[in-house]
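A short write-up of the structure that comes next.
What follows is the structure in structure tokens.
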């Protein structure tokens, strides 16, 4: 394990081998090593190239619709009864979530590398849609791997991807969900490595993915920082974001890591309650292990098999978490907490009725915890929630839970 | 000298090619795997790669994935695979056993506990597909202290500078992956394999064996001619898939499974 202490390098991970403290790294088969090394090389070049970032910024402004607003949710604030609650409106991005910040950037990388084919894994379908979207725009072939279970649960997004010209490949191995889709995408990549770029949707996977995805998502935190200084006249007191793999959270948190006055809360999916074992909260209840190319906190049984997870939100239904979050947990820089399915559902309705904003079920976890937190704070304080996505994709799930058929 | 080095040295002396079957421990159940291990040795296996089932085998193709799922459904895990090796050793003290699998079960058991138990039961080598040399030093040193070899893969896409790093960390034998992709994929390009093996020979004295995609006597013969030996995995697991579960396979059914190893042995011996 690399010798990387907080005080020697601050929070500026990863090291050259992709380690965040003892986490991260490059745990993949030899058949993929050349591909991840090529990506590392290209990204290192590109990350110093102002033209690349100018093109990225241009696309975010004119195609995605950034910057997204920082919105004071007055009625939600009154309901919680404490600190002012602001929403960072990632739900207003093109395709409806923060995922597109990353796919725009990675598609530009794919183009630079001369790749003609894009693959992606998806759980709820948001990352699949965001990948199919950028592939359509650049005229690249696109294959999205999706667990057979999730294809059933997320039919509208499956059709959206097909409309965009992507091929959705049903994954029937293992638990037939997101983790298995990721295994299948890794197999495809190993087989078609010459032509293919793999767009990973979260801050997991082998190095350099956790770094690349974080860098592309940091636009969220940078904008929030600027908007806070302008609109609030100071930095917020607390940031709250949901954590599945953790890309929206790290994008929000990272630009604030050195601001010690800003408290941070990553909200995992508590499912039926962490104590029941039916949840998707590896930082709250897991142990360090190795999955999908990196060392991180995982939900694994005593024999080392990865356990099935449970959450009402398909986008949080993942047994691992990005390695930088694992590190920030150990460093105690970020507080990792959780919200149950029931709490998220309640917050989903509260935000919808009080503010006229239908949140994604993933983001509803952050809303639930932030309302609890705000109630313990003073009215002159402020909390920013990363509202990572909109809930249109979830209305069937919500209706079904309430016994309705649409 | 480790058991793997001894067997390789004797084979080299006799001009015999190494034949290394791979099967998933616990597929379809542990008692059947034990019988298969002995039968494979009787039919000409020089060493055996014993797959440790893991829920997320991202370097494996569909055939081995299904084998792994059958083994996990029966409750097989790393601790039970180690027990199986102990059981095998009661009747066989000469055939090297290499555990092949993924890192997480070893991480969860703990490196020290794993190395101690592996040594105790008579494991000879360990091949962790998702542990590259740069991430391996902790486990490799512990295994080395117990005289257990750590084996690494070289792929067609592995660069020369990386090959140097791999052979420096590898002991026992070097596993050359004969194609791009996952286990069991198709098509071997003989000429490019030959060139790669020739290059590797200038870097190491380790025995080089070829795996991924060797399905039958003909492909075993072709690849055996280029190397010190071959690994046959998916073709064997495909046959194991037809076995009944519940420790109920007949001697004839087991013989039908290992037939592929028997004919590969004959093909290699005719070289």
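Residue numbers (this note's numbering), protein chains in the order written: chain A, 1 to 406; chain B, 407 to 677. Positions of the beta carbon are idealized from the N, C-alpha and C atoms, including for glycine.
Residue 569(B), DSSP secondary structure in three states: Position 163 of the second chain, counting from 1, holds the residue named residue 569(B). It is helical.
Sequence ranges, alpha helix (DSSP H) only - wholly within the region 266-297 of chain A, length at least 4: With a minimum length of 4 residues, the continuous alpha helix (DSSP H) runs that stay inside the region 266-297 of chain A are 282-285.
Under 7 Å from the C-beta of residue 25(A): neighbouring residues of chain B: In the first chain, counting from the first residue as 1, residue 25(A) sits at position 25. In chain order: 541.
Backbone CA spacing between residue 574(B) and residue 520(B) [nearest angstrom]: The residue labelled residue 574(B) in the question sits at position 168 within the second chain. The residue labelled residue 520(B) in the question sits at position 114 within the second chain. Distance between the alpha carbons of residue 574(B) and residue 520(B) is about 23 Å.
Any non-hydrogen atom of the ligand SAM closer than 7 Å to residue 83(A) Cβ: This structure simply doesn't include the ligand SAM, nor any ligand for that matter.
Residue-chain proximity (residue 622(B), chain A), Cβ-Cβ < 8 Å: Sequence index remark: in the second chain, residue 622(B) carries index 216 (1-based). No, residue 622(B) does not count as interfacial toward chain A.
Residue 457(B), buried or exposed, once every other Cβ within 10 Å from all chains shown has been counted against 16: Position 51 of the second chain, counting from 1, holds the residue named residue 457(B). Answer is buried; the Cβ neighbour count reaches 16.
Neighbour flag for residue 75(A) against chain B, beta carbons, 8 Å: Working through the first chain from its first residue, we reach residue 75(A) at position 75. No - not a single Cβ of chain B is within 8 Å of the one on residue 75(A).
Per DSSP, cross-strand counterpart(s) of residue 256(A): Your numbering for residue 256(A) matches position 256 in the first chain. Looking at the DSSP output, residue 256(A) bridges to nothing.
First and last residue of the uninterrupted alpha helix (DSSP H) at residue 367(A): The sequence position of residue 367(A) within the first chain is 367, counting from 1. Residues 361-375.
Nonlocal neighbours in the same chain, by C-beta distance under 6 Å from residue 414(B), ignoring five residues either side: Here residue 414(B) refers to the residue found at position 8 when the second chain is read from its first residue. So the list reads 613, once near-sequence residues are dropped.
Contact belief for residue 365(A) with residue 267(A) at Cβ below 8 Å, rounded distance in angstroms: One-based indexing of the first chain puts residue 365(A) at position 365. One-based indexing of the first chain puts residue 267(A) at position 267. That belief holds up - the Cβ atoms of residue 365(A) and residue 267(A) are roughly 5 Å apart, short of 8 Å.
When 287(A), 193(A), 202(A) and 286(A) are compared against residue 248(A), the one with the closest alpha-carbon: To locate residue 248(A), count along the first chain from 1; it is residue 248. Just measuring C-alpha positions, the residue of 287(A), 193(A), 202(A) and 286(A) sitting nearest residue 248(A) is 202(A).
Three-state secondary structure (DSSP) of residue 261(A): Position 261 of the first chain holds residue 261(A). DSSP places residue 261(A) outside both helix and strand once states are collapsed to three, so it counts as coil.
Within 8 Å of chain A by C-beta, residues of the region 495-515 of chain B in sequence order: Of all residues in the region 495-515 of chain B, only 508, 509, 510, 511, 512, 513, 514 and 515 place a beta-carbon less than 8 Å from a beta-carbon of chain A.
Cβ neighbour criterion (16 or more within 10 Å) applied to residue 1(A): Sequence index remark: in the first chain, residue 1(A) carries index 1 (1-based). Reliability fails at residue 1(A), whose pLDDT of 33 lies under 50, so the model's placement of it is uncertain and the value that follows must be treated cautiously. For residue 1(A), the number of other beta carbons within 10 angstroms of its own is below 16, and it is reported as exposed.
Contacts around residue 13(A), its chain only, beta-carbon distance under 6 Å, and the 5 residues preceding and following it disregarded: Sequence index remark: in the first chain, residue 13(A) carries index 13 (1-based). Cβ neighbours of residue 13(A) beyond the five flanking positions: 20.
Pairwise C-alpha distance: residue 148(A) and residue 649(B): Translated into positions along the second chain, residue 649(B) becomes position 243. Translated into positions along the first chain, residue 148(A) becomes position 148. If you take the alpha carbons of residue 649(B) and residue 148(A), they lie about 27 Å apart.
DSSP three-state assignment for residue 453(B), whether helix, strand or coil: By 1-based counting over the second chain, the position of residue 453(B) is 47. Residue 453(B) carries a coil assignment under DSSP once its states are collapsed to helix, strand and coil.
Under 7 Å (Cβ pairs) to chain B, residues found in the region 176-187 of chain A: Residues passing the 7 Å Cβ filter: 179, 183, 186 and 187.
Amino acids of chain D, ordered along the chain, whose beta-carbon sits closer than 9 Å to that of residue 556(B): Note that chain D does not occur in the displayed structure, where the protein chains are A and B.
Within-8 Å CB hit, residue 394(A) to chain B: Taking the first chain and counting its residues from 1, one reaches residue 394(A) at position 394. No - not a single Cβ of chain B is within 8 Å of the one on residue 394(A).
The region 334-354 of chain A / the region 264-282 of chain A touching (three or more Cβ pairs under 8 Å): Yes, they touch.
Run of the alpha helix (DSSP H) containing residue 216(A), from where it starts to where it stops: Residue numbering aside, residue 216(A) sits at position 216 when the first chain is read from its first letter. Start and end: 209-217.
Contact under 8 Å by Cβ, residue 617(B) with residue 639(B): Within the second chain, numbered from 1, the residue matching residue 617(B) stands at position 211. Within the second chain, numbered from 1, the residue matching residue 639(B) stands at position 233. Against a cut-off of 8 Å, the Cβ pair of residue 639(B) and residue 617(B) comes out as a contact.
Under the three-state DSSP convention, the category residue 486(B) falls into: Counted from its first residue, the second chain places residue 486(B) at position 80. DSSP places residue 486(B) in helix when its eight states are reduced to three.
Beta-carbon proximity check, residue 429(A) vs residue 186(A), cutoff 8 Å: With chain A covering 1 to 406 only, the question about residue 429(A) has no answer from this structure.
Extent of the continuous beta strand (DSSP E) to which residue 677(B) belongs: Here residue 677(B) is taken as the residue at index 271 of the second chain, counted from 1. Counting along the chain, residue 677(B) falls outside any beta strand (DSSP E), and DSSP gives it neither H nor E.
Test item: CB-CB of residue 462(B) and residue 174(A) under 8 Å: As a first step, residue 462(B) is located in the second chain; it is residue number 56 there, counting from the start. As a first step, residue 174(A) is located in the first chain; it is residue number 174 there, counting from the start. With respect to residue 174(A), residue 462(B) sits close: the two C-beta atoms are nearer than 8 Å.
Limits of the beta strand (DSSP E) - the one that residue 336(A) falls within: To locate residue 336(A), count along the first chain from 1; it is residue 336. In the DSSP annotation of this structure, the continuous segment of the beta strand (DSSP E) that includes residue 336(A) starts and ends at 335-340.
C-alpha distance - residue 550(B) paired with residue 146(A), whole-angstrom precision: Counting from 1 along the second chain, the entry for residue 550(B) is found at position 144. Counting from 1 along the first chain, the entry for residue 146(A) is found at position 146. Residue 550(B) and residue 146(A): Cα-Cα distance of roughly 41 Å.
Contact with chain B by residue 3(A), beta-carbon distance below 8 Å: Your numbering for residue 3(A) matches position 3 in the first chain. Note that residue 3(A) scores 37 on pLDDT, short of 50, meaning its location in the model is unreliable; the coordinates nonetheless yield the value given after this. Residue 3(A) is outside the set of residues whose beta carbon lies under 8 Å from a beta carbon in chain B.
Rounded C-alpha distance that separates residue 35(A) from residue 472(B): Here residue 35(A) refers to the residue found at position 35 of the first chain. Here residue 472(B) refers to the residue found at position 66 of the second chain. Rounded to the nearest angstrom, the gap between the Cα atoms of residue 35(A) and residue 472(B) is 27 Å.
Cβ neighbour criterion (16 or more within 10 Å) applied to residue 207(A): By 1-based counting over the first chain, the position of residue 207(A) is 207. Residue 207(A) comes out buried.
Backbone secondary structure at residue 496(B) - three-state DSSP: Position 90 of the second chain, counted from the first residue, corresponds to residue 496(B). Residue 496(B) falls in the coil class under three-state DSSP.
8 Å Cβ cut-off: residues of chain A touching residue 478(B): Here residue 478(B) refers to the residue found at position 72 of the second chain. Neighbours of residue 478(B) on chain A, chain order: 305.
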